[in-house]
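In the working numbering, the protein residues as written are 1438 to 2098.
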DNA sequence: CTAGGGTTAG
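The following block contains the structure:
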């Protein structure tokens, strides 16, 4: 084969691939060119740099930079700007600035580069500083400059600044360009002025896909998913075909709505349009199902399988979402599958490892052993844990009652203090106090607090108080509460906790005083609240709720459930009812706990094969816990309660927390 | 004589 040695032809080839967005081929042709012994020239460098930036090939770009210097092409301002562009896109701002500063002849293109470069990196202030500097040096911004400036102002979320820069743009004759208008729509939406954006959008004569996406995203971001989807329909009606970015936005809107029908429809559409091989679209579909936080989390699995079948590598974003979805479903086999999978295919970052550990200890929780296995595997591989890893581990030990392991982990952190000059954080101490305290080792817990090198946080005192409440140690509890209320004097929950503690030890006088004090300071005990969700419906219940439209039916249902369970051996556990009231009244108050109402509602209106998902704003009480355990057995029903502390998965009379929470 | 660097939505 005849070899072409004309640099012109090689450059034309490279340019053609670049123009088609085929940056991989651009790089291949360039490599071939070098192999044939041809030298790149001032036209070759910028295109290849662009391709390197696209694939974040920082080392390769730096190598090219040294070639540029050696061959003297740095004097070419286009090559120089190409390098600035490359470094800015790769986030190497120091190199970008150094090159920019030493340029003798700055033209408008290189100013635009440095302005948009910083803007794209999310560093709007610096971007705008460069803009001002540019004006001082006598340059007038063109359309591209102003689009970058508008985007930077959007990041500032300052609606007054937005209006004034909008006026400036219009006065300088850039206001009617499509790119500018899309940027303006996005800017106003980020400044919480969606309607101003809509006005611009409605007045646009030449709409393109980007501006539709911009407006649809504006509604989605301001949490108006219905409007967002309405516009999506209108866009298609007007003959525009959705692109991958559209799908990403629409999936987010549907996730917000929790609409499973539309979720499946957008999923199908993405497959039809061939977008599922876009990693962003795949990730968005996954997130959509995961975000709905119901049984549709299982659909995330389907999307994930599809992504794999299409043969592309999931990234860490993918895996974080999948881990989140599995965590919600709370199944250990699923967690194990996904973990094995992650180990096989991707480089696992510390952040992802932490997510996996969390997946074990929160998702299917009480699974402290698995979390610890992961942790020791991680250490064997020589991967350095970070403070969040340790927090996850300590919390796993605490939930599973693994005291010895917890102590060992804590001493590991202390060893690190000697090595790396960073010891246990306040959060680590709080985890330890929680773990020891819950296990009844109250004096060890308070000794640990005494030897803390830093001021104990409210979390630390709160953990101690909580433990005192469980183990009915009023004296130590009072001490904890006193310290606690110094740090957080307005925290109602801690007042309530202390009040409950006094009540446990029958110190009704103190209970009264505390109530009086709370009343005087205007603190009110917030009503406990539970939420049950299915499909896109969400129902909330307060304790002793009378406000829910079906509350009469719910109470009737609850009554029949109670008598059904009593026959199966249920005895109300009144220790959770710490009010200064008669025994009969205690029982009555217990039966009106918000999570019981939510369960009663669920058994009445939601088909039995569907798992009930309930979220509660406080910790579940003993009585409700055993009540729900029995329901899960008698009704053969899966119920998941997420309380303020952890997940409880009830199935066949058992709870995943193994009654330790 | 033509060529190369900078633009909006996510």
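Even glycine gets a Cβ: it sits at the ideal position worked out from N, Cα and C.
Selected residue, minimal CA-CA separation from residue i, among the options
i            : options                : result
residue 1928 : 1958, 1991, 1999       : 1958
residue 1681 : 1646, 1847, 1696, 1538 : 1646
residue 1475 : 1492, 1445, 1667       : 1445
residue 1473 : 1442, 1885, 1991       : 1442
residue 1700 : 1842, 1736, 1710, 1709 : 1736
residue 1553 : 1532, 1584, 1529       : 1584
residue 1693 : 1658, 1720, 1705       : 1658
residue 2091 : 2079, 2075, 2080       : 2075
residue 1660 : 1822, 1648, 1639, 1691 : 1691
residue 1579 : 1710, 2059, 1607       : 1607
residue 1639 : 1627, 1628, 1621       : 1621
residue 1543 : 1562, 1564, 1570       : 1570
residue 1623 : 1742, 1949, 1641, 1588 : 1588
residue 1702 : 1716, 1614, 1722       : 1722
residue 1406 : 1497, 1494, 1463, 1493 : Outside the displayed span of the chain (1438 to 2098) sits residue 1406, for which this structure offers no information.
residue 1459 : 2063, 1477, 1490       : 1490
Neighbourhood of residue i by C-beta distance below 6 Å, restricted to the same chain and skipping five residues each side
i            : result
residue 1522 : 1550
residue 1630 : 1596
residue 1616 : 1584
residue 1450 : 1466
residue 1881 : 1873
residue 2145 : The displayed coordinates of the chain run from 1438 to 2098. Any statement about residue 2145 would go beyond what the structure contains.
residue 1988 : 1982
residue 2079 : 2052
residue 1573 : none
residue 1535 : none
DSSP beta-bridge partners of residue i
i            : result
residue 1977 : 1968
residue 2086 : 2077
residue 2050 : 1970, 2077
residue 2091 : 2088
Cβ pair residue i, residue j closer than 8 Å
i            : j            : result
residue 1665 : residue 1678 : no
residue 1483 : residue 1519 : yes
residue 1406 : residue 2036 : The displayed coordinates of the chain run from 1438 to 2098. Any statement about residue 1406 would go beyond what the structure contains.
residue 1968 : residue 2051 : yes
residue 1545 : residue 1567 : no
residue 1808 : residue 1833 : yes
residue 2067 : residue 2005 : yes
residue 2002 : residue 2034 : no
residue 1921 : residue 1903 : no
residue 2137 : residue 1887 : With the chain covering 1438 to 2098 only, the question about residue 2137 has no answer from this structure.
residue 1705 : residue 1758 : no
residue 2057 : residue 2032 : yes
residue 1613 : residue 1648 : no
residue 1812 : residue 1831 : no
residue 2054 : residue 1966 : yes
residue 1599 : residue 1625 : yes
residue 1527 : residue 1485 : no
residue 2009 : residue 2060 : yes
residue 1655 : residue 1676 : no
residue 1628 : residue 1594 : yes
residue 1936 : residue 1924 : no
Residues near residue i by beta carbon distance below 7 Å, same chain, minus five either side
i            : result
residue 1511 : 1505, 1517
residue 1908 : 1877, 1879
residue 1439 : At residue 1439, the pLDDT of 49 sits below 50, so the modelled position is not reliable; the number obtained from the coordinates is stated separately. Closer than 7 Å at the Cβ level, and outside the excluded window around residue 1439, lies no residue.
residue 1828 : 1864, 1865, 1868
residue 1842 : 1809, 1834
Same chain, Cβ closer than 8 Å to residue i, five either side skipped, listed in chain order
i            : result
residue 1718 : 1681, 1684, 1685, 1688, 1707, 1712
residue 1547 : 1514, 1517, 1518, 1521, 1537, 1540
residue 2089 : 2069, 2070, 2073
residue 1942 : 1909, 1911
residue 1560 : 1530
residue 1938 : 1902, 1905, 1906, 1909, 1911, 1914, 1915, 1918
residue 1885 : 1866, 1869, 1870, 1873
residue 1806 : 1837, 1839
Evaluate the contact criterion for the segment 1504 to 1521 versus the segment 1456 to 1471: three or more CB pairs, one atom per stretch, below 8 Å.
The segment 1504 to 1521 vs the segment 1456 to 1471: no contact.
Would you call the segment 1885 to 1897 and the segment 1862 to 1870 in contact, with 3 or more CB pairs under 8 Å?
With the cut-off at 8 Å, the segment 1885 to 1897 and the segment 1862 to 1870 touch.
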